[in-house]
């Protein structure tokens, strides 16, 4: 069994890879953020303006089309580890985390966002693009909110 404390320390930089939240089949307007057509447009406003030229006789892969949105592997670079702990009582909000519950085992506080829904498996590795970031000591946390996140 590999523990987080064996792999990294507080204040170090890591890369986090995970599978993002799945959104299912979405149209090109939602998926690629294309512009809505004019209100004077005939029939449909959310259609794409054109699928491309007459030649070549196929639709190129650069044309925004509908398809799967989410459930893709993404890597977040250069995330700082704020705290590694063994007891979750000092970070668990009243009523527990939404869609997760109470933290009972070893935990990791990260500065920034992590791809994917709650309870999804993530992978950590040493930061590959950290550059010249040099850390003398672990960051000092002054306040962690334990207010309930339910009903907000």
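Numbering (this note's numbering), first residue to last: 337 to 488.
Even for Gly, the Cβ is constructed at its ideal location relative to N, Cα and C.
DSSP places residue 411 in the uninterrupted beta strand (DSSP E) bounded by 409-421. Within 10 angstroms of the beta-carbon of residue 349 lie 16 or more other beta-carbons, which makes it buried. Under the Cβ criterion (8 Å, minimum of three pairs), the stretch 357-364 does not count as touching the stretch 417-430.
Rounded to whole angstroms, the gap between the alpha carbons of residue 472 and residue 344 is 15 Å. Under a 10 Å Cβ-count criterion, residue 346 is classified as buried, with 16 or more other Cβ atoms of the shown protein chains found around its own Cβ. If you look at residue 350, you'll find it in the beta strand (DSSP E) that goes 349-355. With respect to the 8 Å criterion, residue 402 and residue 431 are not classified as neighbours on the basis of their beta carbons.
In this structure, DSSP gives residue 364 a helical state, which the three-state scheme calls helix. Separation of residue 446 and residue 487 (C-alpha to C-alpha, rounded to the nearest whole angstrom) is 25 Å. Short of 6 Å from the beta carbon of residue 439, and not among the five residues preceding or following it, lie these beta carbons of its own chain, in chain order: 424 and 428. In the three-state DSSP reduction, residue 359 falls in the strand class (E or B).
Of all alpha-carbon atoms in 369, 370, 407 and 458, the one lying nearest the alpha-carbon of residue 340 is that of 458. With 16 or more other Cβ atoms from the protein chains shown falling within 10 Å of its own Cβ, residue 444 counts as buried.
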